[in-house]
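Notes follow once the structure below has been shown.
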Amino acid sequence: MKLYNTLTKTVDPFLPRDPKTVKMYTCGPTVYHFAHIGNLRTYLMEDVLERYLRFEGYTVERVMNITDVGHLAGDTDTGEDKMVAGARREHKSVYEIASYYENAFFEDCRRLNIRKPEKVVPATSCIEDFISVIKTLLDKGVAYPAGGNIYFDTSKVADYYTLTGHSAEALKVGVREDVGEDANKRNKSDFVLWFTKSKFEDQELKWNSPWGVGYPGWHIECSTISMRELGDYLDLHCGGVDNIFPHHTNEIAQSEAYLGHPWCGHWFHVHHLNDETGKMSKSKGEFLTLSLLEKKGYDPLAYRYFCLESHYRKPLTFSFEGLDNAASAYRRLISRTAALPREGEARLLVEKYREEMRRTVGNDLNTAMGITLLYNILKEKAGGRARREALALVDEVLGLSLLEKADALSAAEGTAGKLCGAAGCAKECAENGRPAAPDTRENGADGDPEAEEIEALIARRAAAKKEKNYAEADAIRAALAERGVTLTDTPAGTVWSRR
Ligand SMILES: [Zn+2]
634 MKLYNTLTKT VDPFLPRDPK TVKMYTCGPT VYHFAHIGNL RTYLMEDVLE RYLRFEGYTV
694 ERVMNITDVG HLAGDTDTGE DKMVAGARRE HKSVYEIASY YENAFFEDCR RLNIRKPEKV
754 VPATSCIEDF ISVIKTLLDK GVAYPAGGNI YFDTSKVADY YTLTGHSAEA LKVGVREDVG
814 EDANKRNKSD FVLWFTKSKF EDQELKWNSP WGVGYPGWHI ECSTISMREL GDYLDLHCGG
874 VDNIFPHHTN EIAQSEAYLG HPWCGHWFHV HHLNDETGKM SKSKGEFLTL SLLEKKGYDP
934 LAYRYFCLES HYRKPLTFSF EGLDNAASAY RRLISRTAAL PREGEARLLV EKYREEMRRT
994 VGNDLNTAMG ITLLYNILKE KAGGRARREA LALVDEVLGL SLLEKADALS AAEGTAGKLC
1054 GAAGCAKECA ENGRPAAPDT RENGADGDPE AEEIEALIAR RAAAKKEKNY AEADAIRAAL
1114 AERGVTLTDT PAGTVWSRR
């Protein structure tokens, strides 16, 4: 495939060192709070990239870290430790905070069809490894102790700004003025590898080291975990654009100083999701989470569809209007898929669309064109089976659960068709062996057959959710939405409204 490389600033052929296996590293979440949907956009696009590489036949060895220590709130080495701040906010220990938000993060991923990487490594499990890498950096003369901390000396690296493409001078101008300077640093861009002098009296997580009791800096985490799990050469490193500087810049500096050779060949960065007021952030009070979208009645995969419509290298602005449009397009796609006949010759279209995938998604991950392919398949003259098979091929990469949702929709519509729905007929229907609509007259559905049918479907959806059959539950919601019925889940049960 061809993929933009932040290192070269061009769309390059992606060529792993081993032609069969891709070693892929993803900067994982700092688990001090829920992920906002902007964070999730990055993981979602990385997931499509991984799926595409598998589609091309590669084995993907993927590693993600979990930052459960030492991530300071500032862009540099200042500010409060995010984990400690989170624990204080919620009156919990740092470990409790970490495990709660790690679980919440992977639950969000599951709902968005984001695969969990094979290896997920918490930073707190690698303290000895960090210490060993820092020792080597000191031995090589590229790190120095000052004021109780160990710093990386960026002046020892010939092309420290290689990833940003800026000169040192240009970047100095852009350095944020609100970040307090650390007087121990020899150079402005130096960064901390190991802290023993914490500004926080109540820093909970501390370990012994040759330099005193303390904790690691954030950047050393990813370099060390990547080298430990994937070896001395990495094919693909992923993250959000805000990681380019300083985080990934520092990762390259310390990894290559440690190894003595170039480290990672391809850097993949996903652009920001903005809200209508600007960049999305967790510091603005209530922020947009996947759970909030679900509470408002959105299918998480409608958000996936919304993200796939845009290119990963462009900033994307989130609005509920935009999400509504994506959600209804996604529902239409599901119902058109559900309407496909099941007969006909299979396999006719698959090869054609395998090539189409290479031409579109294989060209710098053009996911919007991938969605267009789904519509093109639906318009094909081939039989239903062939079209379903081609849809499955494309959706293996896009991850929209299209056939699963379409089948659940067909099943739900079948259930709805078999329900009698006539008011007051429970007795006759039961006697005739047909499932009767529940008696919902007390809920205000009296005398309105459509309302009774809606109530029956809502009851069926509640039962499906209880059975953890989310595909069917989602399909019922989608079927009702097609008819202009909106469901809202409240603590007291589901309420509905009709257009
Ligand atoms: Zn990282």
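One rule links them: number in this note's numbering = place in the sequence shown (from 1) + 633. Note that CB positions come from ideal geometry on N, CA and C, so glycine has one too.
### Query
So, L949 versus R674, is the Cβ gap smaller than 9 angstroms?
yes
### Query
If you check the beta carbons only, do F939 and H669 fall under 9 angstroms apart?
no
### Task
Check E796 in the structure and name its three-state DSSP category.
For the record, residue 796 in the displayed sequence is Leu; it is not Glu. Note: L796 maps to coil in three-state DSSP.
### Cβ contact check for the region 986 to 999 and the region 958 to 968: 3 or more pairs under 8 angstroms
no
### Query
What's the C-alpha gap between V825 and R987?
48 angstroms
### Query
On the three-state DSSP scale, how would you describe H870?
strand
### Query
Taking buried to mean at least 16 other C-beta atoms within 10 Å of its own C-beta, is V806 buried or exposed?
Note that V806 scores 40 on pLDDT, short of 50, meaning its location in the model is unreliable and no value can be drawn from it.
### Query
Can C855 be considered in contact with ligand 1, in the sense that its beta carbon sits closer than 8 angstroms to one or more heavy atoms?
yes
### Message
Could you check whether the region 1023 to 1042 touches the region 998 to 1010, counting it as contact only if at least three pairs of C-beta atoms, one from each stretch, sit closer than 8 angstroms?
### Response
yes
### Query
How about E694: is its C-beta nearer than 9 angstroms to some C-beta of chain B?
In the displayed structure, chain B is absent; only one protein chain is listed.
### Message
For A1106 and T795, I'd like the C-alpha separation in whole angstroms.
### Response
50 angstroms
### Task
With DSSP collapsed to three states, give me the class of N999.
coil
### Message
If I measure Cβ to Cβ from A776 and keep anything under 7 angstroms in the same chain, skipping five residues before and after, which residues do I get?
### Response
I767, L770, I783, Y784, F785, D786, L826
#### Entry: Proximal residues to K1205 (C-beta, below 7 angstroms), its chain only, five neighbours per side dropped
Limits of the chain in this structure are 634 at one end and 1132 at the other, which puts residue 1205 out of reach.
### Task
Name the residue from E689, E683, K928, R1110 whose alpha carbon lies nearest to the alpha carbon of R992.
E689
### Query
Going by other Cβ atoms of all chains shown within 10 Å of its Cβ, with 16 needed for buried, is R1021 buried or exposed?
buried
### Task
Indicate, with yes or no, if ligand 1 has a heavy atom lying under 8 angstroms from the CB of N672.
no
### Message
Under 8 angstroms: does the beta carbon of H880 sit that close to some heavy atom of ligand 1?
### Response
yes
### Task
State the DSSP-derived secondary structure class of R1018, mapped to helix, strand or coil.
helix
### Task
Inspect the beta-carbon positions of R687 and V693 and report whether they are closer than 9 angstroms.
yes
### Message
Is G850 near ligand 1 - that is, is its Cβ less than 8 angstroms away from at least one heavy atom of it?
### Response
no
#### Entry: Nearest-angstrom Cβ-Cβ length linking T797 and F878, presumed shorter than 8 angstroms
5 angstroms
### Query
Under a three-way DSSP split, which group does G847 fall into?
strand
### Query
Taking just the CA atoms, how far does A935 sit from L925?
14 angstroms
### Query
Based on the DSSP secondary-structure assignment, which residues constitute the bridge partners of Y963?
The partner list for Y963 (beta bridge, DSSP) is empty, contrary to what the question assumes.
### Task
Determine the burial state of D868: buried for a count of at least 16 other Cβ atoms within 10 Å of its Cβ, exposed for fewer.
buried
### Query
Is S842 near I764, with beta carbons less than 9 angstroms apart?
yes
### Query
Over what stretch of residues does the beta strand (DSSP E) that includes T882 continue unbroken?
Careful: T882 lies outside any beta strand (DSSP E), inside the alpha helix (DSSP H) at 882 to 892.
### Query
Looking at D762 and I858, is the spacing between their C-beta atoms short of 9 angstroms?
yes
### Query
Alpha carbon to alpha carbon, how far is F647 from A1097?
43 angstroms
### Query
Would a C-beta distance cut-off of 9 angstroms place P849 and A756 closer than the cut-off?
yes
#### Entry: Three or more C-beta pairs below 8 angstroms linking the region 1086 to 1093 and the region 1120 to 1129
yes
### Task
Taking 9 angstroms as the cut-off, decide whether the C-beta atoms of R748 and E683 are in contact.
yes
### Query
Whose C-beta lies closer than 6 angstroms to the C-beta of Y691 among residues of the same chain, with five residues either side of it excluded?
V655
### Query
G719: beta carbon under 8 angstroms from a heavy atom of ligand 1?
no
### Task
Could you give the DSSP three-state label for N638: helix, strand or coil?
strand
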